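This report refers to the structure that appears directly beneath it.
Protein chains: 2
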Amino acid sequence: MMVYFTFEPREDLKAPLIAQFPQVDFKFDSKLDVANLREAQILVTYGEDLTEQLVDEAQNLEWIFVASAGVEKMPAAAIAKSDILVSNVRGIHKKPMTESILAHILALKRGLPFIYEQQSKGQWNKKTTLSELNGSTALIIGPGAIGSEIGRILQAFDVYTIGCNRSGEAAPYMDETHLLGDMAQYLPKADIIISMLPSTKYTKHLLGYEHFKLMKESAIFMNFGRGDLVDTNVLVQVMKEQLIAHAVLDVYEIEPLPANSPLWACENVTLSPHFSSHSSRYVERGLEIFKPSLEQWLNGERNLENKMNLLRGY
Amino acid sequence: MMVYFTFEPREDLKAPLIAQFPQVDFKFDSKLDVANLREAQILVTYGEDLTEQLVDEAQNLEWIFVASAGVEKMPAAAIAKSDILVSNVRGIHKKPMTESILAHILALKRGLPFIYEQQSKGQWNKKTTLSELNGSTALIIGPGAIGSEIGRILQAFDVYTIGCNRSGEAAPYMDETHLLGDMAQYLPKADIIISMLPSTKYTKHLLGYEHFKLMKESAIFMNFGRGDLVDTNVLVQVMKEQLIAHAVLDVYEIEPLPANSPLWACENVTLSPHFSSHSSRYVERGLEIFKPSLEQWLNGERNLENKMNLLRGY
């Protein structure tokens, strides 16, 4: 039984893992090696190193544990055809991402960019308008595990939360939940619009110019899902025309964001380099999810935590 | 019955106030005028325009409503001698200040200064360490109305909260509360130390070099109470020696912070110009506290909300 990691956890995380599973042959590489992949029954990967051909070569592979939430770069059809089980670390992102999102919202409301700028000039200056988050309304597009955690924290700040998802079924920590198709009705009510949507055929360019037209002029739009939710040219136009007050982006249609992207020149946009889920505690947490799943696997159970349907995309 | 404001609320806030109290003669000035003060029974002020002599002149004055939390600049002894009731807007600050404090904490944990800096250079750069707030321990020195609100939000972020106050009695939203005198015991446990203490004889230079020595090297120290809690020279030394990771200051021994203060040169210090309670909704909220109090006053009640003991200082 070989478990193959295509990244290297820190020594202090590796040792307890090996000790807990003496019956398992662990192999750690900092980069995928085909020979090792051919032997592996279980692959632990960030999900960016697999191709269709590699999946064909991985004759012993039964389970892929993806230490990441996004799986767009995985050869979904080949994996499904080979009947390989896939699970990921969905829950792992919810706390760091929620903290990043709240950091950005509160920074804008409470003048942090202004504070930093004045400090860099050595100037004591109070001349800016500070506002407040409490009493706002937030629209969360795609309130899954992360979106619901955002809702929980926003509610603690006395924010009214509206969720829009594909089923329209009540999502946790949403004061209201509606169908994604009815989103346009709720855009005019929201002070903050946060998208956590994955990239699927359905979500591509789902938000158009007409949607931004419906938002408040004072609205903050945050995209922490996937970059193709909005056509970049549309977004640039929206921000240049100041249809809304501010956008905070962590994801882009092309990543890294090209150096000549007009987004760099938009003063009312915050550009985060798709790392809002990063954390010094990331691998530690991934292993906290992997270890009980491996325990179950060794006991013959196959209904693992965060089991995914790759063809559906989440 | 004359109510004298030494500041001018916006028209849309003034009109309903006048309409609600037809029996009251309201007078609004943008600056204190002695002739008006002499006539006033009730004074509404930011608390920075009174002197001992003016209090002596204010022969009709029975109640001072201070639209601010700090009262250090008020002639406490003269006011007490004249038996003038004083109340303030204590609750008004708790939400904006808590939001400012969380903004600063989350910004540091989630790399916002780094994001802003890279963006200003037009660089896509993920090379920084992001950490998380959840799982931390916070020590709140002076968990009053504001400190408890901070505790409430920190607990929502899964932070363990320890309060230190003068009585040692349990404060709301603190997992533990201890005597201020025992603070040294809890400093080594805290990832974040937040002071909300007022300026009194007891709190002046209460935190010394030896206290910072007890803190974790990774600790964040935040002073949002009053600047004389720490001798500025001590604080500069502490930050230069990097005894702790970061300090966020909203208050200073001398305000505005002098242009030649060595604090400006400390890279591990965030300098906020004593405005963390500011809000575009400030006067509106102040009037929300003042109006029911005035209603009570007119009915002969004197036990008003946020009644203060000026000689005690809070």
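For the record, the sequence lines run as chains A and B.
Using this note's numbering, read the first sequence as starting at 638 and increasing by one per residue.
Using this note's numbering, read the second sequence as starting at 638 and increasing by one per residue.
Note that CB positions come from ideal geometry on N, CA and C, so glycine has one too.
These numbers were taken from a predicted model, which means no experiment stands behind them.
Worksheet item: Hey, how far is the Cα of residue 828/B from the Cα of residue 926/A?
Response: To locate residue 828/B, count along the second sequence from 1; it is residue 191. To locate residue 926/A, count along the first sequence from 1; it is residue 289. For residue 828/B and residue 926/A, the gap between their C-alpha atoms comes out near 26 Å.
Fill in: In DSSP terms, what residue 944/A is bridged to
Your numbering for residue 944/A matches position 307 in the first sequence. For residue 944/A, DSSP records a beta bridge to 724/A.
Discussion item. Which same chain residues end up closer than 6 Å to residue 885/B when comparing Cβ atoms and leaving out the 5 residues on each side of it in sequence?
Written reply: On the second sequence, residue 885/B is found 248 positions in, with the first residue counted as 1. Counting only Cβ-Cβ distances below 6 Å, and skipping sequence neighbours, we find 741, 859 and 907.
Fill in: Whole-angstrom distance between residue 898/B and residue 955/B, CA atom to CA atom
A query on residue 955/B cannot be resolved here, the shown segment of chain B reaching from 638 to 951 and no further.
Worksheet item: In chain A, which residues lie with their C-beta within 8 Å of the C-beta of residue 805/B?
Response: Position 168 of the second sequence holds residue 805/B. Those do not exist, as residue 805/B stays about 27 Å from chain A at its closest Cβ, beyond 8 Å.
Practice prompt. Can you tell me which of 651/B, 863/B, 639/B and 670/B puts its alpha carbon nearest to the alpha carbon of residue 661/B?
Written response: Sequence index remark: in the second sequence, residue 661/B carries index 24 (1-based). The shortest Cα separation from residue 661/B among 651/B, 863/B, 639/B and 670/B belongs to 639/B.
Discussion item. Assuming contact is defined by CB atoms lying nearer than 8 Å, are residue 766/B and residue 768/A in contact in what I supplied?
Written reply: Residue numbering aside, residue 766/B sits at position 129 when the second sequence is read from its first letter. Residue numbering aside, residue 768/A sits at position 131 when the first sequence is read from its first letter. In this structure, residue 768/A does not lie closer than 8 Å to residue 766/B by Cβ.
Worksheet item: Alpha carbon to alpha carbon, how far is residue 879/A from residue 680/A?
Response: In the first sequence, the residue the question calls residue 879/A occupies position 242. In the first sequence, the residue the question calls residue 680/A occupies position 43. If you take the alpha carbons of residue 879/A and residue 680/A, they lie about 47 Å apart.
Worksheet item: Quick one: is the Cβ of residue 835/B within less than 7 Å of any heavy atom of the ligand FMN?
Response: Inclusion of the ligand FMN in the displayed structure is not the case, the ligand content being empty and no account of it being possible.
Worksheet item: Using Cβ-Cβ distances below 8 Å, what residues of the segment 896 to 915 of chain B are close to chain A?
Response: If you check each beta-carbon in the segment 896 to 915 of chain B against every beta-carbon of chain A, the ones closer than 8 Å belong to 896, 901, 907, 908, 909, 910, 911, 912, 913 and 915.
Fill in: Cross-chain neighbours of residue 761/B in chain A, by beta carbon under 7 Å
Reading the second sequence from its first residue, position 124 is the one you call residue 761/B. In chain order: 893, 894 and 910.
Practice prompt. Could you check the C-alpha separation between residue 914/B and residue 932/B for me, to the nearest Å?
Written response: Within the second sequence, residue 914/B is the residue found at index 277, counting from 1. Within the second sequence, residue 932/B is the residue found at index 295, counting from 1. It is roughly 26 Å from the alpha-carbon of residue 914/B to the alpha-carbon of residue 932/B.
Fill in: For residue 762/B, the nearest candidate out of 929/A, 851/A, 909/A and 945/A (CA to CA)
As a working mapping, residue 762/B is identified with position 125 in the second sequence. From the listed residues 929/A, 851/A, 909/A and 945/A, the smallest Cα separation to residue 762/B is found for 909/A.
Discussion item. Taking the alpha-carbon of residue 949/B as reference, which of 659/B, 651/B, 713/B and 843/B has the nearest alpha-carbon?
Written reply: Here residue 949/B corresponds to residue number 312 of the second sequence, with the count starting at 1. Minimum Cα-Cα distance from residue 949/B among the listed residues 659/B, 651/B, 713/B and 843/B corresponds to 713/B.
Discussion item. Taking only three categories from DSSP, how would you classify residue 631/A?
Written reply: The displayed coordinates of chain A run from 638 to 951. Any statement about residue 631/A would go beyond what the structure contains.
Worksheet item: By how many angstroms is the C-alpha of residue 866/A removed from the C-alpha of residue 834/A?
Response: The residue you call residue 834/A lines up with position 197 of the first sequence. The residue you call residue 866/A lines up with position 229 of the first sequence. Their Cα atoms are separated by approximately 8 Å.
Worksheet entry | For residue 774/B, the nearest candidate out of 780/B, 799/B, 756/B and 793/B (CA to CA) | Taking the second sequence and counting its residues from 1, one reaches residue 774/B at position 137. Per the Cα distances, 799/B.
Discussion item. Under 8 Å: do the segment 791 to 798 of chain A and the segment 810 to 822 of chain A share three or more Cβ pairs, one atom per stretch?
Written reply: Counting C-beta pairs closer than 8 Å gives three or more between the segment 791 to 798 of chain A and the segment 810 to 822 of chain A, which meets the contact rule.
Discussion item. Just to confirm the assignment: which complete alpha helix (DSSP H) runs, minimum length 4, are found wholly within the segment 802 to 889 of chain A?
Written reply: Segments of the alpha helix (DSSP H) lying fully in the segment 802 to 889 of chain A: 820 to 823, 846 to 851 and 869 to 877.
Worksheet item: Which stretch, first to last residue, makes up the beta strand (DSSP E) that contains residue 666/B?
Response: Locating residue 666/B in the second sequence gives position 29, where the first residue counts as 1. Where residue 666/B is concerned, there is no enclosing beta strand (DSSP E), given that its DSSP letter is neither H nor E.
Worksheet item: Expressed to the nearest angstrom, what Euclidean distance is found between the alpha-carbon atoms of residue 758/B and residue 753/A?
Response: Taking the first residue of the second sequence as 1, we reach residue 758/B at position 121. Taking the first residue of the first sequence as 1, we reach residue 753/A at position 116. The C-alpha of residue 758/B lies about 15 Å from the C-alpha of residue 753/A.
Practice prompt. Starting from residue 658/A, follow the alpha helix (DSSP H) in both directions and report where the run begins and ends.
Written response: As a working mapping, residue 658/A is identified with position 21 in the first sequence. Element bounds for residue 658/A: n/a, residue is neither H nor E.
Worksheet item: Going by Cα to Cα distance, which pick from 771/A, 695/A and 823/A is closest to residue 720/A?
Response: Indexing the first sequence from 1 puts residue 720/A at position 83. Put simply, of 771/A, 695/A and 823/A the residue whose alpha carbon is nearest the alpha carbon of residue 720/A is 695/A.
Discussion item. I'd like to confirm the pairing. Which residues does DSSP put opposite residue 935/B in its beta bridges?
Written reply: Position 298 of the second sequence, counted from the first residue, corresponds to residue 935/B. Partner(s): none; residue 935/B has no beta bridge.
Fill in: Interface residues of chain A facing residue 747/B [CB-CB closer than 7 Å]
Against the second sequence, residue 747/B aligns to sequence position 110. Against chain A, the beta carbon of residue 747/B has neighbours under 7 Å at 736, 737 and 740, listed in chain order.
Discussion item. List, in chain order, every chain B residue whose beta-carbon is nearer than 7 Å to that of residue 918/A.
Written reply: In the first sequence, residue 918/A corresponds to position 281, counting from 1. Neighbours of residue 918/A in chain B, taken as residues whose beta carbon is under 7 Å from its own, are 769 in chain order.
Item to complete: Identify the continuous alpha helix (DSSP H) that holds residue 734/A and give its terminal residues.
Response: Here residue 734/A corresponds to residue number 97 of the first sequence, with the count starting at 1. Here the alpha helix (DSSP H) through residue 734/A covers 731 to 746.
Discussion item. So, for residue 791/B: in the same chain, excluding its five sequence neighbours on each side, which residues have a beta-carbon less than 7 Å away from its beta-carbon?
Written reply: Locating residue 791/B in the second sequence gives position 154, where the first residue counts as 1. Cβ within range, chain order: 775 and 798.
Fill in: Where residue 743/A meets chain B, residues with beta-carbon distance less than 7 Å
Sequence index remark: in the first sequence, residue 743/A carries index 106 (1-based). The contacting residues are 736, 739, 740 and 743.
Discussion item. DSSP three-state label for residue 891/A, please.
Written reply: Here residue 891/A refers to the residue found at position 254 when the first sequence is read from its first residue. Coil.
Discussion item. Helix, strand or coil for residue 753/A? Go by DSSP, reduced to three states.
Written reply: Locating residue 753/A in the first sequence gives position 116, counting from the first residue. In this structure, residue 753/A counts as helix in the three-state DSSP scheme.
Item to complete: Would you please verify whether the beta carbon of residue 839/B is less than 8 Å from any beta carbon of chain A?
Response: Within the second sequence, the letter at position 202 stands for residue 839/B. Proximity of residue 839/B to chain A, defined by a Cβ-Cβ separation below 8 Å, is not satisfied.
Fill in: DSSP-derived helix/strand/coil call for residue 708/A
Counting from one through the first sequence, the residue named residue 708/A turns up at place 71. Residue 708/A falls in the coil class under three-state DSSP.
Discussion item. On the DSSP letters alone, give me the boundaries of the beta strand (DSSP E) that residue 672/B sits inside.
Written reply: Residue mapping note: residue 672/B aligns to position 35 of the second sequence, counting from 1. Looking at the DSSP string, residue 672/B is not in any beta strand (DSSP E); the run it does join, the alpha helix (DSSP H), is 671 to 676.
Worksheet entry | Min CB distance residue 714/B to chain A below 8 Å | As a first step, residue 714/B is located in the second sequence; it is residue number 77 there, counting from the start. The C-beta of residue 714/B comes no closer than 8 Å to any C-beta of chain A.
Practice prompt. In angstroms with no decimal places, state the Cα-to-Cα distance between residue 709/A and residue 705/B.
Written response: The residue given as residue 709/A occupies position 72 in the first sequence. The residue given as residue 705/B occupies position 68 in the second sequence. Residue 709/A and residue 705/B: Cα-Cα distance of roughly 53 Å.
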